[in-house]
Amino acid sequence: MSLLSVRDISVHYGQLAALRGVSISMDEGETLFVTGPNGAGKSTLLKAIAGAVRPSSGSISLADKVISGQPPEQTARLGFSMVPEGRHVFGSLTIEENLRLGTGIRADKDRIEGDLETVYEVFPMLAERKDGQAGVLSGGQQQMLVIGRALMAGPKLIAIDEPSLGLAPKVIDQVYDTLLKLRDSRGLTLLIVEQSSTRAMLTGGRMVLLRGGKIVLEGDARELANDESLRRAYFGFGEH
Amino acid sequence: MTAVLQILFDALAVGSIYALGALGIALIFGVMRLVNFAHGDYIAFCVFAMLVPSTDVVAIVLIGKLPAILLIPIILLIGAVISVLSEMLVFRHLRNANPATMMICSFALGFVIQHVLLMFYSSRPKAINLWSNLSLPVEIFGARIPLLQLLTIIITFVILVALMWFLKRTRYGLEMRAAAEDFTMARMLGVRANRVIMTAFAVSGLLAASIGLILATQTGVADIRMGMPIMLVAFVATVIGGLGSLPGAVICGLLIGAASVLLQVFLPLDARPFRDAFLYSAVILCLLWRPDGIFAPRSAKQRV
């Protein structure tokens with residue numbers, strides 16, 4: 306049984322088709338990278354799953370419940386936690402308020418304090434400034450905060466849009482180390498959007514390549530690494 | 098010295114009412130980018146709710162006769178209910194409309210409320226006698242301050258503290274602040290859009306009802322247009338305070354109240370009828386200096 310299944314969805318912004326008939330499916334505990342050039346529809350795919358944009362056709366289900374057409378707060382309740390593009394830290398809230406915001410939907414209230422401690426252990430920097438305003442954090446710190454915030458909602462599946470955008474390589478390594486550790490320790494399922502496929506190859510897992518709103522390539526990230534077809538598919542060589 | 102005190106209390110009392118109004122508008126704007134021009138009509142509605150519908154000049158008080166301990170909660174409840182109802186019946190269906198459309202609709206709703214009142218109560222202002230002993234003066238350091246003025250200031254202060262506590266210390270407050278900053282992200286973290294928006298409308302309606310109670314006691318008149326001037330000034334206060342900033346709305350509400358009292362006192366006699374022209378010139382200067390408002394919230398600025 307797959308945890309997430311996206312069946313043949315299309316998304317239109319006015320006349321413009323951002324996704325045309327995309328299908329993906331994820332099992333529990335799996336890591337899936339969605340890569341592709343600018344404007345391929347990667348962020349749109351995440352937003353459609355989150356319920357922030359409505360697909361014009363197709364259906365999405367999470368843990369066997371149909372979520373397409375549901376409002377985002379409903380999808381969040383089924384265990385989908387999103388770290389969108391641009392991070393979206395609540396700058397006027399304190400760091401701890403940011404972390405606690407997503408806990409309102411949890412059924413296991415007794416585990417919230419323990420999870421908060423875990424997040425503070427993983428990101429000690431957040432603990433130091435927990436009562437400070439989140440708006441003053443640096444880009445890397447904000448990235449950690451939003452990952453922590455997504456975890457605090459107690460999700461089954463975390464989707465992250467470009468975790469490495471605008472971060473120094475060292476910080477990117479740190480972010481990924483943390484993500485993978487958390488995945489292994491809590492059986493999380495990770496859906497990660499990255500523009501470049503390099504990170505997917507380093508980390509391992511399954512990868513799909515989106516271009517022009519369609520999936521053009523799909524397979525094991527490491528196997529695709531040495532494959533000439535990846536570069537072709539990414540840039541679209543040999544199609545015209 | 099006593100004259101200074103007198104002016105200070107005047108300024109605070111006038112400013113308090115504007116601050117409460119501005120707060121009601123800023124709360125709604127924060128969560129759904131709506132400038133609710135019907136807010137002023139909620140105020141009038143709450144005042145008329147105390148009276149028996151009739152077209153006589155002298156008002157027949159109905160629930161206005163109840164003891165304060167019953168009357169105040171009932172009027173506050175009426176304010177909250179009309180505000181929440183207008184959300185459910187009107188604004189909910191416009192959530193994805195552009196802000197201009199929502200604003201026009203709020204104007205329309207305001208006129209509807211006004212004309213409903215007109216139908217039942219006629220357009221003539223009515224004398225209403227609510228707690229008239231509150232206008233007796235009390236002496237503070239030699240200045241004679243009407244008790245009501247003092248109460249207005251205290252009530253406003255209490256409301257502000259209570260609201261701050263609500264926003265900072267409760268789950269609803271946290272969700273409301275988050276939604277005001279980034280509505281979509283808040284929803285993706287499970288914050289229920291309808292609940293947050295309805296709470297904002299309820300609180301805003303409570304604020305409108307408190308203004309109604311204060312105004313009715315102060316002026317002794319119920320007029321279907323009584324909320325409009327307050328709404329206008331309160332709206333200006335939210336704009337120069339930085340739309341969406343709650344502290345900005347409160348501070349600028351107080352400032353405008355203070356400025357209008359000071360102008361009234363210090364303008365030469367011939368210029369006094371034009372007080373508002375001076376006041377709004379100051380507003381224009383203020384906006385030229387800070388187009389986003391004095392306390393523009395971070396979310397209003399473009400971030401890279």
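Taken in sequence, the protein lines are chains A and B. Residues in the first sequence are numbered consecutively from 306, following our numbering. Residues in the second sequence are numbered consecutively from 98, following our numbering. Beta carbons: idealized from backbone N, C-alpha and C, even for Gly. Keep in mind it's a predicted model, so treat the numbers as computed, not measured.
Simplified DSSP state of residue i, which is helix, strand or coil
| i | result |
| --- | --- |
| P377 of chain A | helix |
| I372 of chain A | coil |
| T494 of chain A | strand |
| I166 of chain B | helix |
| S310 of chain A | strand |
| H317 of chain A | strand |
| R511 of chain A | strand |
| S328 of chain A | strand |
| E236 of chain B | strand |
| E523 of chain A | strand |
| D466 of chain A | strand |
| L382 of chain B | helix |
| P374 of chain B | It should be noted that the sequence gives Ala, not Pro, for residue 374 of chain B. Looking at A374 of chain B - three-state DSSP - the assignment turns out to be helix. |
| R359 of chain A | coil |
| L231 of chain B | helix |
| E499 of chain A | strand |
| R454 of chain A | helix |
| E412 of chain A | In the sequence under discussion, the amino acid at residue 412 of chain A is Ala, which differs from the Glu named in the question. A412 of chain A: coil per DSSP, three-state reduction. |
| L182 of chain B | helix |
| L484 of chain A | helix |
| F392 of chain B | coil |
| F188 of chain B | helix |
| A141 of chain B | helix |
| A224 of chain B | strand |
| V149 of chain B | coil |
| V476 of chain A | helix |
| R382 of chain A | helix |
| R516 of chain A | strand |
Residue environment, residue i, which counts as buried when at least 16 other CB atoms sit within 10 Å
| i | result |
| --- | --- |
| G407 of chain A | buried |
| L304 of chain B | buried |
| Y318 of chain A | exposed |
| K370 of chain A | exposed |
| P377 of chain A | buried |
| H393 of chain A | buried |
| G374 of chain A | exposed |
| A224 of chain B | exposed |
| T99 of chain B | exposed |
| K265 of chain B | exposed |
| T198 of chain B | exposed |
| K414 of chain A | exposed |
| K347 of chain A | buried |
| T340 of chain A | buried |
| T503 of chain A | exposed |
| L124 of chain B | buried |
| I166 of chain B | exposed |
| S342 of chain B | buried |
| R221 of chain B | exposed |
| R274 of chain B | buried |
| A277 of chain B | buried |
| H136 of chain B | buried |
Endpoints, alpha helix (DSSP H) assigned at residue i
| i | result |
| --- | --- |
| A259 of chain B | 244-266 |
| K268 of chain A | Examination of residue 268 of chain A is not possible in this model, given that chain A is present from 306 through 545 alone. |
| I348 of chain B | 343-363 |
| G338 of chain B | No alpha helix (DSSP H) holds G338 of chain B; DSSP gives it neither H nor E. |
| G541 of chain A | Counting along the chain, G541 of chain A falls outside any alpha helix (DSSP H), and DSSP gives it neither H nor E. |
| V427 of chain A | 417-427 |
| T399 of chain A | Premise fails: T399 of chain A is in no alpha helix (DSSP H) and is neither H nor E. |
| V293 of chain B | 290-316 |
| P196 of chain B | 196-218 |
Supposed contact pair residue j and residue i - C-beta distance, whole angstroms, cut 8 Å
| i | j | result |
| --- | --- | --- |
| S378 of chain B | I250 of chain B | With a Cβ gap of about 27 Å, S378 of chain B and I250 of chain B do not count as contacting. |
| I400 of chain A | K352 of chain A | With a Cβ gap of about 25 Å, I400 of chain A and K352 of chain A do not count as contacting. |
| S328 of chain A | V316 of chain A | Their Cβ separation, rounded to whole angstroms, is 13 Å, which puts S328 of chain A and V316 of chain A out of contact at 8 Å. |
| G176 of chain B | G302 of chain B | 4 Å |
| Q500 of chain A | P468 of chain A | About 11 Å; that fails the 8 Å criterion. |
| L337 of chain A | L514 of chain A | Not a contact, Cβ separation roughly 12 Å. |
| L531 of chain A | R454 of chain A | Correcting the residue type first, residue 531 of chain A is Asn in the shown sequence and not Leu. That belief does not hold up - the Cβ atoms of N531 of chain A and R454 of chain A are roughly 37 Å apart, past 8 Å. |
| A119 of chain B | G338 of chain B | 7 Å |
| F298 of chain B | S180 of chain B | 5 Å |
| K461 of chain A | L308 of chain A | 6 Å |
| A319 of chain B | A313 of chain B | 6 Å |
| G524 of chain A | M512 of chain A | 7 Å |
Limits of the unbroken beta strand (DSSP E) element including residue i
| i | result |
| --- | --- |
| M387 of chain A | 385-388 |
| S366 of chain A | 362-367 |
| L105 of chain B | Premise fails: L105 of chain B lies in the alpha helix (DSSP H), 99-129, not in any beta strand (DSSP E). |
| L337 of chain A | 336-340 |
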